[in-house]
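Trainee: Attaching a single structure in structure tokens format; questions to follow.
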Amino acid sequence: MVQGVTNEMARLAVATTARSRRNRVVGLAWPLHSVDAMTMDEFWALIEVARTNHDTYLQRLKALSQEALVDLYWTYEETAAELRGDRHVRSFPKGTSHDAMVDFGGWVVSEGRQVYEDLLKHPAKVRSHKCGTMMFVADVTAEYKARYKTYVPLRPD
556 MVQGVTNEMA
566 RLAVATTARS
576 RRNRVVGLAW
586 PLHSVDAMTM
596 DEFWALIEVA
606 RTNHDTYLQR
616 LKALSQEALV
626 DLYWTYEETA
636 AELRGDRHVR
646 SFPKGTSHDA
656 MVDFGGWVVS
666 EGRQVYEDLL
676 KHPAKVRSHK
686 CGTMMFVADV
696 TAEYKARYKT
706 YVPLRPD
């Protein structure tokens, strides 16, 4: 019963991700003064900035609107959720907890587009990776909470 529920949750997460990507329109583009729709290329570029220059990344977070921070957070979460579909869940070692799968997906996204796309295409490689830290999303949530004194809200559909 639990496995069936987990598989259904994973299927719904992937379906929601695809729907959200098709419907996404918010302001987030570089240079920061322009207002355009966030693309996945811009999302991955920001991930790369976070990986290579943390101070610049934090400055960019501070310049984002409330709507853009919410979108960035949920884009991250939805992108990571794609690694919890049936093909990937079966690749985790037996007994891996749901929390560990969530952490792993977040870590993979924070490692950048190349690592993410490789694991997305080749689920069997999940076993060869060890999860590291995920400061990208922690910084987004910290910036949001510092400014708005609350947690990142659910993404409106």
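556 is the number of the first residue of the sequence shown in this note's numbering; add one for each residue after it.
The beta carbon of each residue, even a glycine, is placed where N, CA and C say it ideally should be.
Since the model is a prediction, treat every value here as computed from it, not as a measurement.
#1: From Val692 to Phe598, what distance separates their C-alpha atoms?
#2: What is the C-beta distance between Gly660 and Arg639, in whole angstroms, given that I count them as a contact (C-beta under 8 Å)?
#3: Leu710: which of Ala655, Val657, Gln621 and Gln614 sits nearest, CA to CA?
#4: Going residue by residue through the segment 621-666, where are the continuous beta strand (DSSP E) segments of at least 3 residues, counting only ones entirely within it?
#5: Please say whether Val681 and Val625 have beta carbons closer to each other than 8 Å?
#6: Between the segment 627-641 and the segment 670-678, do at least 3 Cβ pairs fall closer than 8 Å?
#7: Please list, in chain order, all residues of the same chain as Ser646 whose beta carbon is under 7 Å from its beta carbon, the five residues on each side excluded.
#8: Taking DSSP as the reference, what is the three-state secondary structure of Pro711?
#9: Is Ala701 helix, strand or coil by DSSP?
#10: Go through its chain and collect everything with a Cβ distance to Thr696's Cβ below 8 Å, but skip five positions before and after it.
#11: If you reduce the DSSP assignment to three classes, tell me which class His677 lands in.
#12: Consult DSSP for Leu619 and reduce its assignment to one of helix, strand or coil.
#13: Within the continuous alpha helix (DSSP H) that includes Met595, where are the two ends?
#14: Could you tell me if His643 is buried or exposed, where buried requires 16 or more neighbouring beta carbons within 10 angstroms of its beta carbon?
#15: Measure how close the beta-carbons of Leu616 and Glu698 come, nearest whole angstrom, since I'm counting them as under 8 Å.
#16: Please look up how many angstroms separate the CB atoms of Val663 and Leu674, rounded, as I've assumed it's under 8 Å.
#17: Can you grab the Cα-Cα spacing for the pair Ala701 / Ser665, in whole Å?
Mentor: A quick look at the data gives this:
#1: 12 Å
#2: 6 Å
#3: Checking the sequence shown, residue 710 turns out to be Arg, not Leu. Nearest C-alpha to Arg710: Gln621.
#4: none
#5: no
#6: yes
#7: Pro678, Ala679, Val681 and Arg682
#8: coil
#9: helix
#10: Tyr628, Tyr706 and Val707
#11: coil
#12: coil
#13: Met595 to Thr607
#14: buried
#15: 4 Å
#16: 6 Å
#17: 22 Å
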